[in-house]
Amino acid sequence: MLSIINKNQQAEAAADALCADYIVHIMHGRHLMGDSLSALSVKELKQLENRLERGITRIRSKKGRMLLDEIEYLQKKKIEMENETVYLCTKIVEIERMEQANMVPGQEMNAIQVLASRNFFPPNMLEGGNFY
1 MLSIINKNQQ
11 AEAAADALCA
21 DYIVHIMHGR
31 HLMGDSLSAL
41 SVKELKQLEN
51 RLERGITRIR
61 SKKGRMLLDE
71 IEYLQKKKIE
81 MENETVYLCT
91 KIVEIERMEQ
101 ANMVPGQEMN
111 AIQVLASRNF
121 FPPNMLEGGN
131 FY
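Dropping the structure here:
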């Protein structure tokens, strides 16, 4: 029986410790949010300020890395799109030459006419000028 009472006391002590830790975490979260600061000493406020500044530095660093990664991705995508544009312009010129020589198959010619009717191509693309 004494062993059961002893185990209950140990369980209650562990529960009390967990409850105290939980309250500390809740208060810490409130402090980080700027709430319940009146109970803190100047030293505790300075420690909180330092933790917040370190956190902001980490956040800004992560944000900077993410922005640089996005810029790099977009630059690669731009190069891919420019290459695709050059390829498509070359195809158009080839097809126009074949058309002038009456060598364009009917389906390909229909596709070109559909795209042209939708203003798919920039007006100066076919002249070979700079269309960027």
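So for the sequence shown, the UniProt record's numbering puts the first residue at 1; every next one is plus one.
A virtual CB, placed ideally from N, CA and C, is assigned to each residue, including glycine.
Just to confirm the assignment, what range does the alpha helix (DSSP H) spanning residue i have?
i   : result
S38 : Note, S38: premise wrong, no alpha helix (DSSP H); not H, not E.
Would the beta-carbon of residue i fall within 9 Å of that of residue j?
i   : j   : result
L40 : L48 : yes
Taking all protein chains shown into account, do 16 or more other C-beta atoms lie within 10 angstroms of the C-beta of residue i, making it buried, or fewer, making it exposed?
i    : result
Y132 : Any reading at Y132 must be qualified, since the residue scores a pLDDT of 48, below 50, and its modelled position is unreliable; the value itself is stated next. Exposed: under 16 other Cβ atoms inside 10 Å.
S3   : exposed
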